[in-house]
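Numbering (our numbering), first residue to last: 1 to 330.
Backbone N, C-alpha and C define an ideal beta-carbon position, used for all residues, glycine too.
The structure appears below as structure tokens.
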Ligand code: SAM
């Protein structure tokens with residue numbers, strides 16, 4: 001499937017729940033959350049029907065996200081059903097890792113071998129603070145278990161926040177030296193209930209790279225050399241086992257290579273993370289729509305994809321996206 005700008009759209013990110021066992025202050029702060037009712041969230045059978053149609057139309061990659069996907073009951077059985085979809089070449093998972101030690105083996109056996117783990121601090125107290133109660137040791141146990149079982153690649157994603165984790169950049173880089181992980185720094189995006197000021201708390205990637213280069217020798221990898229880089233710019237650390245990466249959705253758009261569509265937990269197809277236009281599949285499914293209607297709606301969503309989003313560094317204070325990342329699926 002191609003959009004209006006001739007980009008091939010073959011990657012679907014699926015948020016299976018808006019619920020999460022953490023309350024990261026920039027993502028889903030405890031105060032002011034309004035959770036959807038169970039009836040407003042897509043049932044697993046509905047997700048399978050949508051993904052099956054999307055794959056028939058040309059999607060080859062699916063990433064499961066949320067909210068926190070591991071908190072939804074029946075998650076492992078759901079993955080096993082997804083695996084049965086003919087033509088779906090790749091299924092991956094994004095998790096905060098809190099429940100990973102418990103579920104990693106089941107996830108691996110059900111057929112997911114690629115995993116992204118979100119981790120914004122390697123300091124116990126800071127992690128507790130930013131996540132509003134999260135236990136860093138549980139995440140580290142989850143990461144260790146994933147490594148032991150053989151997940152590959154294992155990507156560790158840290159949102160770079162000035163005044164919070166800028167003093168940990170070298171500690172994160174060391175993780176990529178010691179372990180075969182891809183440690184990625186992601187720019188903070190001004191969206192939803194994000195209560196950080198994207199102007200004040202924004203930490204430019206050039207500074208991150210400078211900090212790491214002060215201690216380690218970095219070698220930029222060509223996209224095809226790095227394992228599944230996606231929109232990240234990836235560097236190998238000389239003498240290290242892993243890689244570090246930088247994802248800059250605001251300061252350097254990667255819209256021209258965007259190949260994705262998002263399915264929100266409440267059944268909307270969202271054409272661009274930072275644009276509000278969505279197509280309501282939940283409503284169509286609850287009215288028992290035919291496959292032909294489902295196909296038409298998926299194609300419509302693809303045609304909604306804008307050439308690019310409008311956020312740049314000059315208007316970092318503006319929120320152009322009103323839904324939380326946990327609803328849309330980060
Ligand atoms: N619970 C899972 C997790 O923690 O990975 C999946 C959902 S979470 C919304 C996905 C990712 O979105 C996390 O890495 C989180 O840090 C990131 N995220 C949330 N809000 C963000 C924002 N305003 N800017 C940048 N990244 C954000």
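Residue i Cβ short of 8 Å to the ligand SAM heavy atom set
i	result
residue 188	yes
residue 117	yes
residue 28	yes
residue 69	yes
residue 191	yes
residue 251	no
residue 95	yes
residue 331	The first residue shown for the chain is 1 and the last is 330, placing residue 331 beyond what the model contains.
residue 289	no
residue 325	yes
residue 120	yes
residue 264	no
residue 12	no
residue 206	no
residue 311	no
residue 22	yes
residue 245	no
residue 347	The question about residue 347 has no answer here: the residues shown for the chain are numbered 1 through 330.
residue 159	yes
residue 257	no
residue 233	no
residue 58	no
residue 66	yes
As assigned by DSSP and simplified to three states, the class of residue i
i	result
residue 241	coil
residue 125	helix
residue 332	This structure cannot settle anything about residue 332, because the visible part of the chain is limited to 1 through 330.
residue 172	helix
residue 177	helix
residue 10	coil
residue 158	strand
residue 233	strand
residue 119	coil
residue 44	helix
residue 217	coil
residue 323	coil
residue 329	coil
residue 52	helix
residue 187	strand
residue 34	coil
residue 28	coil
residue 19	coil
residue 150	coil
residue 166	helix
residue 294	helix
Within-9 Å CB hit, residue i to chain B
i	result
residue 72	This model lacks chain B altogether, as it is built from one protein chain only.
Near the ligand GTP: residue i beta-carbon under 8 Å from a heavy atom
i	result
residue 142	Only the ligand SAM can be found as ligands here, which leaves the ligand GTP out of the picture.
Worksheet item: Below 8 Å, can you find three or more Cβ-Cβ pairs linking the region 151-158 to the region 210-222?
Response: As far as the Cβ criterion goes, the region 151-158 does not touch the region 210-222, which means the pair count is below three.
Discussion item. Suppose only complete runs of 3+ residues qualify. What are the beta strand (DSSP E) ranges in the region 56-111, listed by chain order?
Written reply: Counting only runs of at least 3 residues, the region 56-111 fully encloses the following beta strand (DSSP E) elements, listed from N- to C-terminal order: 61-65 and 90-95.
Worksheet entry | Ordered list of alpha helix (DSSP H) runs contained in the region 240-289, each at least 4 residues | DSSP runs (the alpha helix (DSSP H)) wholly in the region 240-289: 281-286.
Worksheet item: Per the contact definition of three or more C-beta pairs closer than 8 Å, is the region 33-50 in contact with the region 265-282?
Response: Taking one beta carbon from each stretch, the region 265-282 and the region 33-50 have 3 or more pairs nearer than 8 Å; the two touch.
Worksheet item: On the three-pair Cβ rule with 8 Å, is the region 126-143 touching the region 21-35?
Response: The region 126-143 vs the region 21-35: in contact.
Worksheet item: Counting Cβ pairs closer than 8 Å, one from the region 55-66 and one from the region 87-94, do we hit at least three?
Response: Three or more beta-carbon pairs drawn from the region 55-66 and the region 87-94 are found closer than 8 Å, and the two stretches are therefore classed as touching.
Worksheet item: Are the region 284-298 and the region 69-83 touching by the rule of at least three beta carbon pairs closer than 8 Å?
Response: Between the region 284-298 and the region 69-83, the count of Cβ pairs shorter than 8 Å is below three; the stretches do not touch.
Worksheet entry | Meets three-Cβ-pair contact criterion under 8 Å: the region 197-211 and the region 258-274 | These segments do not touch.
Worksheet item: Can we say the region 247-259 touches the region 175-193, given the rule of at least three CB pairs closer than 8 Å?
Response: Here the region 247-259 lies against the region 175-193, with 3 or more beta-carbon pairs under 8 Å apart.
Worksheet item: Is there contact here, the region 91-104 with the region 136-147, by at least three beta-carbon pairs under 8 Å?
Response: Result yes; three or more Cβ-Cβ pairs closer than 8 Å.
Worksheet item: Between the region 299-309 and the region 60-67, are three or more C-beta pairs nearer than 8 Å?
Response: No, because fewer than three Cβ pairs between the region 299-309 and the region 60-67 fall closer than 8 Å, the two stretches do not touch.
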